[in-house]
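Structure first, commentary second.
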Amino acid sequence: MNILEANNLFEDMVTKLLPIITRDLDDTPNVLIELEVVNDSDLDGSSNMEAATLHLGYEELIGLDVFEIECKKSLLQDIESFMTMVAHELVHVMQHLRGDEFDYSLPYDKQLHEIEAYSKEKELVAYYAKNINNEV
Ligand SMILES: [Zn+2]
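This is the structure we're talking about:
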């Protein structure tokens, strides 16, 4: 995929999956979620990280809570990996909206927010893929 195709897929996934991911929250989220494709060497954090969700905060001018999902450019080469990444990061967006405390003191695979994101990502991608097929 090129960046435009990735952005289109990203926007569609956000539109279809975010309402499902956030359905248990009290308030309907008023969010703007932007995809930022970065060079593989430019992603913050550890070098084996594929993506990261940044909560930039409430933007008064537009009245929206703004998030940025950064992902490595190399993820665009594999559509399945890209979709799994988007689903995973959207779970993190929901966790921010839910007001979760993120505890990074534990090892990565023991962090509760990661366990939750990994437990939901595949099901969400499967749901999204099924949803696309229904429209054809
Ligand atoms: Zn994660």
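Numbering (this note's numbering), first residue to last: 756 to 891. Quick reminder that beta carbons are idealized off the backbone N, C-alpha and C, glycines included.
Comparing alpha-carbon positions, which option in Asp781, Glu789, Ile775 and Pro774 lies nearest Leu759?
For the purposes of this step, residue 759 is identified with residue 4 of the sequence shown, where counting begins at 1. Cα-wise, what sits closest to Leu759 is Glu789.
Counting along the chain, where does the alpha helix (DSSP H) carrying Thr777 start and finish?
Working through the sequence shown from its first residue, we reach residue 777 at position 22. First-last for Thr777: undefined, no H or E at that position.
Can you look up Asp820 in the DSSP assignment and give me helix, strand or coil?
Within the sequence shown, residue 820 is the residue found at index 65, counting from 1. It is a strand residue.
Within its chain, find whatever has a CB closer than 7 Å to the CB of Glu823; leave out the 5 residues flanking it on each side and keep chain order.
In the sequence shown, the residue the question calls residue 823 occupies position 68. These residues qualify, in order along the chain: Glu789, Glu791, Leu809 and Leu811.
Rounding to the nearest angstrom, what Cα-Cα distance links Glu815 and Leu861 in this structure?
Locating residue 815 in the sequence shown gives position 60, where the first residue counts as 1. Locating residue 861 in the sequence shown gives position 106, where the first residue counts as 1. C-alpha separation (whole angstroms): 35 Å.
Work out the CA separation of Asn762 and Met756 for me, nearest whole Å.
As a working mapping, residue 756 is identified with position 1 in the sequence shown. As a working mapping, residue 762 is identified with position 7 in the sequence shown. Roughly 10 Å between the two C-alpha positions.
Taking the beta carbon of Tyr873 as the centre, do at least 16 other beta carbons fall within 10 Å, making it buried, or is it exposed?
As a first step, residue 873 is located in the sequence shown; it is residue number 118 there, counting from the start. Flag for Tyr873 reads exposed.
For Lys827 and Val821, I'd like the C-alpha separation in whole angstroms.
Locating residue 827 in the sequence shown gives position 72, counting from the first residue. Locating residue 821 in the sequence shown gives position 66, counting from the first residue. Roughly 20 Å between the two C-alpha positions.
How about Ala881 and Glu844: are their beta carbons less than 8 Å apart?
By 1-based counting over the sequence shown, the position of residue 881 is 126. By 1-based counting over the sequence shown, the position of residue 844 is 89. No, the Cβ-Cβ distance between Ala881 and Glu844 is not below 8 Å.
Quick one: using the 10 Å Cβ neighbour count with 16 as the cut-off for buried, is Lys877 buried or exposed?
Working through the sequence shown from its first residue, we reach residue 877 at position 122. Label assigned to Lys877: exposed.
Quick one: what's Tyr813 bridged to in DSSP?
Here residue 813 refers to the residue found at position 58 when the sequence shown is read from its first residue. Asp820.
If you count every other CB in all the chains shown that lies within 10 Å of the CB of Phe837, and 16 or more means buried, which is it?
Within the sequence shown, numbered from 1, the residue matching residue 837 stands at position 82. When all chains shown are included, Phe837 counts as buried.
Are Pro774 and Leu852 close, meaning C-beta to C-beta below 8 Å?
Translated into the one-based positions of the sequence shown, residue 774 becomes position 19. Translated into the one-based positions of the sequence shown, residue 852 becomes position 97. Their beta carbons are not under 8 Å apart, which means Pro774 does not touch Leu852 by this criterion.
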